[in-house]
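Oh and the sequence shown: position 283 is 318 in my numbering, straight run, nothing missing.
Taking it in order: structure first as structure tokens, then the write-up.
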Amino acid sequence: MEKIVIHGQKPLRGEVTISGSKNAAVAIVPAALLANDIVILENVPDIADITNLVEIMREMQVKVDRLDAHTLRIDSRHMCNDCASSEAVRKMRASYYFLGVLLGRFKHARVAFPGGCDFGVRPIDLHVKGFEALGAEVSTKAIIEMKARELVGTNIFLDFASVGATINIMLAAVLAKGTTVIENAAKEPHVVDTANFLNSMGADVKGAGTDAIRIRGVQKLHGSEYAIIPDQIEAGTYMMASAITGGDVKIKNVIPRHMESVSAKLREIGVSVVEKDDCIHVIGSEHLKPTKVKTMPYPGFPTDMQPQILVLLSLISGTSMVNESVWDNRFRYVEQLRKLGANIDVEGHIAIVEGVDQLQGTEVQATDLRAGAAMVLAGLAAEGSTTITNVQYIDRGYEGMVEKLTSLGACIDRITDDGPMLYTPPQAG
Ligand code: EPU
36 MEKIVIHGQK PLRGEVTISG SKNAAVAIVP AALLANDIVI LENVPDIADI
86 TNLVEIMREM QVKVDRLDAH TLRIDSRHMC NDCASSEAVR KMRASYYFLG
136 VLLGRFKHAR VAFPGGCDFG VRPIDLHVKG FEALGAEVST KAIIEMKARE
186 LVGTNIFLDF ASVGATINIM LAAVLAKGTT VIENAAKEPH VVDTANFLNS
236 MGADVKGAGT DAIRIRGVQK LHGSEYAIIP DQIEAGTYMM ASAITGGDVK
286 IKNVIPRHME SVSAKLREIG VSVVEKDDCI HVIGSEHLKP TKVKTMPYPG
336 FPTDMQPQIL VLLSLISGTS MVNESVWDNR FRYVEQLRKL GANIDVEGHI
386 AIVEGVDQLQ GTEVQATDLR AGAAMVLAGL AAEGSTTITN VQYIDRGYEG
436 MVEKLTSLGA CIDRITDDGP MLYTPPQAG
């Protein structure tokens with residue numbers, strides 16, 4: 036069992052390069068199976084979630100070769116439509132994308148129930164309603180099974196701008212008959228990237244990035260070569276790392292437009308954020324102001340940056356407030372921050388933070404992926420040494436985090452502990 040140990044209070048300096056987007060890659064890698072052909076994907080992050088997806092695809096007789104650390108060659112010409120008994124499917128939430136892909140390509144899908152980080156109930160009712168509207172019969176007993184004689188395009192209004200439901204409906208609809216319109220669609224950069232990838236395979240998807248996505252079904256898709264966008268949340272996490280250590284870091288290979296809500300919030304509290312073409316330069320300051328943050332679907336402040344900014348606010352003198360409006364229960368990790376000395380009260384969806392002068396290193400757990408990133412940020416800022424357990428969560432979404440932080444001057448290490456330890460099975464975002 037591995038742990039991360041950090042000796043804190045070293046200001047980070049230098050440059051860090053952001054990897055490909057996890058949440059785009061976990062949609063685009065399965066989406067490649069819609070082509071019944073060969074697809075080459077570049078800028079795929081080297082993270083555990085992708086390793087898991089590759090395992091599921093190999094179980095389905097897809098030939099997947101790693102051409103290098105970040106390039107996958109996916110040949111799905113001889114694949115099957117069944118991953119109902121896959122343990123790997125149960126390890127991650129994003130395995131729900133096999134539903135849309137298999138339904139779209141085979142009109143018949145058998146998929147195990149997806150898992151995922153535990154921050155409250157994580158239903159897939161909006162996905163299912165979308166598939167049913169396209170003409171599928173859906174049964175959700177021991178496994179999820181969907182069948183359709185044909186899929187026929189229609190208008191689908193989402194009650195909530197769900198990322199997963201928007202992408203999943205797009206995946207099924209690209210090979211449907213006629214036109215599908217998704218209204219109140221999610222607008223996240225990974226939704227747009229998935230639509231761009233589908234179009235590169237011959238799909239006809241318009242309006243991704245707006246409230247209404249129009250998908251005109253085509254008969255068949257073809258192979259393609261495509262590079263995935265940089266990871267918005269990894270970039271945001273390093274922006275926070277620079278801010279929280281009073282550092283001076285250039286974050287490279289980013290799309291600054293995707294970072295606007297995070298950049299604006301950092302500037303508001305007094306951090307210097309300078310955007311260049313594909314780089315953001317973040318310089319921390321000792322004089323930061325408390326603030327209010329509300330998480331919202333894109334272009335609002337991302338829920339996946341909520342734990343990270345909460346750590347920063349916990350060190351800013353005065354009262355800050357964080358309102359989590361996307362997930363029901365995403366403050367479980369606050370208990371871990373309290374162990375480090377943070378003064379945070381949680382009332383339902385709202386965390387009230389009284390800034391403290393200092394966090395004090397101790398042993399804490401990564402309770403999920405972004406909470407794990409928050410523990411690393413806390414460790415970078417804390418006095419003394421912080422030990423983080425359950426680091427398998429961090430590996431699911433951050434490529435080489437320890438190496439990247441080391442190159443910025445952090446005193447951070449991974450160690451193996453042979454002693455007895457409670458094991459929590461890894462789950463993904
Ligand atoms: N929701 C429903 N019914 C559904 C789907 C969603 O009620 O059928 C609700 C959820 O319960 C939640 C809200 O809608 O309250 C948002 O869920 P959404 O479907 O947008 O989330 P997701 O697609 O399951 C993705 C990311 C998450 C990120 C959310 C919100 C992936 C693989 N995961 O999840 O990322 O928090 O969008 O932006 O893209 C992470 O990367 O750490 C992570 C958890």
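For glycine and all other residues, C-beta sits at the position ideal for the given N, C-alpha and C.
- Residue 136 and residue 207 have their alpha carbons spaced roughly 6 Å apart.
- Under DSSP, residue 287 forms a beta bridge with 52, 314.
- Between the ligand EPU and residue 337, a heavy atom-to-CB distance of less than 7 Å is present.
- For residue 278, the secondary structure class from DSSP, reduced to helix, strand or coil, is helix.
- Residue state for residue 73 is assigned as strand, using DSSP reduced to three classes.
- If you draw a straight line from the Cα of residue 174 to the Cα of residue 309, it is about 51 Å long.
- A distance below 6 Å between beta-carbons, with the five flanking residues on each side excluded, links residue 271 to the following residues of its chain, in chain order: 297, 340.
- Judged by their CB atoms, residue 111 and residue 265 are not nearer to each other than the 8 Å cut-off.
- Remark: the shortest separation between the CB of residue 271 and any heavy atom of the ligand EPU does not fall under 7 Å.
- Not one heavy atom of the ligand EPU sits closer than 7 Å to the Cβ of residue 183.
- For the pair residue 372 and residue 346, the CB atoms are nearer than the 8 Å cut-off.
- Three or more beta-carbon pairs separated by less than 8 Å are not found between the stretch 251-258 and the stretch 269-287, which leaves the two stretches without contact.
- Short note on residue 53: C-beta not closer than 7 Å to any heavy atom of the ligand EPU.
- Beta-bridge partners of residue 387 (DSSP): 356, 380.
- Excluding the 5 residues flanking it on each side, residue 180 has same chain C-beta neighbours closer than 6 Å at 145, 174, in chain order.
- Exclusion of residue 417 from the 7 Å shell around the ligand EPU follows from its C-beta lying no nearer than that to any non-hydrogen atom of the ligand.
- Sequence-distant Cβ neighbours of residue 131 in its own chain, meaning closer than 8 Å and more than five residues away, are 146, 149, 159, 162, 199, 203.
- At least one heavy atom of the ligand EPU lies closer than 7 Å to the C-beta of residue 162.
- If you ignore the 5 residues before and after residue 113, its C-beta comes within less than 6 Å of the C-beta of 96, all in its own chain and listed in chain order.
- Straight-line measurement puts the Cα of residue 448 at about 28 Å from the Cα of residue 101.
- Counting only residues of its own chain and dropping the five nearest sequence neighbours on each side, residue 116 has a CB closer than 8 Å to the CB of 95, 137, 140, 141, 143, 144, 145.
- In the DSSP assignment, residue 115 is bridged to no other residue.
- For a cut-off of 8 Å, the C-beta gap from residue 269 to residue 54 is around 6 Å, short enough to register as a contact.
- Taking the Cα positions, residue 87 is about 23 Å away from residue 450.
- Restricting attention to alpha helix (DSSP H) runs no shorter than 4 residues, the stretch 175-243 encloses them at 198-208, 224-235, ordered along the chain.
- Taken through DSSP and simplified to helix, strand or coil, residue 142 comes out as coil.
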